[in-house]
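Shown next, in structure tokens, is the structure this report addresses.
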Amino acid sequence: DIQLTQSPSTLSASVGDRVTITCRASQSISVWLAWYQQKPGKAPKLLIYKASSLQSGVPSRFSGSGSGTEFTLTISSLQPDDFATYFCQKYDSYSPWTFGQGTKVEIK
Amino acid sequence: QVHLEQSGAELKRPGASVKVSCKASGYTFIGYYIHWVRQAPGQGLEYMGWINPDSGGTDFIQKFQGRVTLTRDRSTSTAYMDMTRLTSDDTAVYFCARGPQGGNSWFDFWGQGTLVSVSS
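Here the protein sequences line up with chains S and G, keeping their order.
Our numbering puts the first residue of the first sequence at -8, with every later residue one more than the last.
Our numbering puts the first residue of the second sequence at 50, with every later residue one more than the last.
Below, the structure is given as structure tokens:
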């Protein structure tokens, strides 16, 4: 099965910082990658799908890029509401859906 | 607006079964797969399987095959996840989520989650 590895596991940042989270796949998954934000006690919220498509209603400070095995989620200017845990997910139809282990964005 | 409403928290004994419901509203139920994901306390997200509400077809990752049953009731737009032979390792929040692109999809809307606690 294809594995996803996120880095870093924890990230300390300040409001206004540019933040980048990386997700690496053990094999190529083309652009079949999504990003989610999860806050404590809540369900995940879709941010990005198909590697770089912004979900409707998600602020434009969130962006995704990449293809094949390396992907990034970037928050251009971190806002107080963005402190949360972020997960990547692959969804190609040839192998089971898989999530990365998560990246927690903390206040510095 | 799209909404997935899940049933309430459950406390079960080891060896028991649990059935979690996920009632969809705000869209055509049979047009979108429903996926199930769980999250153990303090842990990441673990994918479990999907159901096609139109055909009733299902698929699961291997570790849940034989222990999880996914069903749906088209008349009430509700999907169900039934898990048998519960152990403490099954203590988790269980989420249903909608997949807008059939069997090869991200998840655009999620239920609020159902906590299943397994303890003697």
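For each residue, glycine too, the CB sits at the ideal point set by N, CA and C.
Computed from a predicted structure; not experimentally measured.
* For G:P63, which residues from the same chain have a beta carbon less than 7 Å from its beta carbon, with the 5 sequence-adjacent residues on both sides left out? -> Around G:P63: L135, T136, S137, V167, S169.
* Based on the DSSP output, what are the partners of G:A141 in its beta bridges? -> G:A141 is bridged to G:V165.
* Asked: Taking only beta-carbon atoms, is S:S(-2) less than 9 Å away from chain G?
  -> For S:S(-2), no CB of chain G lies under 9 Å from its own CB, so it is not counted at the interface with that chain.
* Asked: Within this structure, are the beta carbons of G:E59 and G:K72 separated by less than 9 Å?
  -> Between G:E59 and G:K72, the C-beta spacing is not below 9 Å.
* Asked: For the region 101 to 130 of chain G, which residues have a beta carbon sitting closer than 7 Å to at least one beta carbon of chain S?
  -> Taking 7 Å as the Cβ-Cβ cut-off, the region 101 to 130 of chain G approaches chain S at I110, given in chain order.
* In this structure, does DSSP put G:F78 in helix, strand or coil? -> G:F78: helix per DSSP, three-state reduction.
* Asked: Is the shortest distance between the beta-carbon of S:F62 and the beta-carbons of chain G less than 9 Å?
  -> False, the Cβ-Cβ gap to chain G never drops below 9 Å.
* Roughly how many angstroms lie between the CA atoms of S:A75 and S:P35, to the nearest whole one? -> Taking the CA atoms as reference points, S:A75 sits about 10 Å from S:P35.
* To do: Please confirm if S:S56 has its CB atom under 9 Å from at least one CB of chain G.
  => It does not: the Cβ of S:S56 has no partner Cβ on chain G nearer than 9 Å.
* Using 9 Å as the limit for Cβ to Cβ distance, is S:K36 near chain G? -> Judged by the 9 Å Cβ criterion, S:K36 is in contact with chain G.
* Asked: Quick one: what's got a C-beta closer than 6 Å to S:G93's C-beta in the same chain, skipping five residues either side?
  -> Excluding residues within five positions, the ones whose Cβ falls inside 6 Å are T76, F78.
* Where S:F74 falls: helix, strand or coil (DSSP) -> Looking at S:F74 - three-state DSSP - the assignment turns out to be coil, as it is neither helix nor strand.
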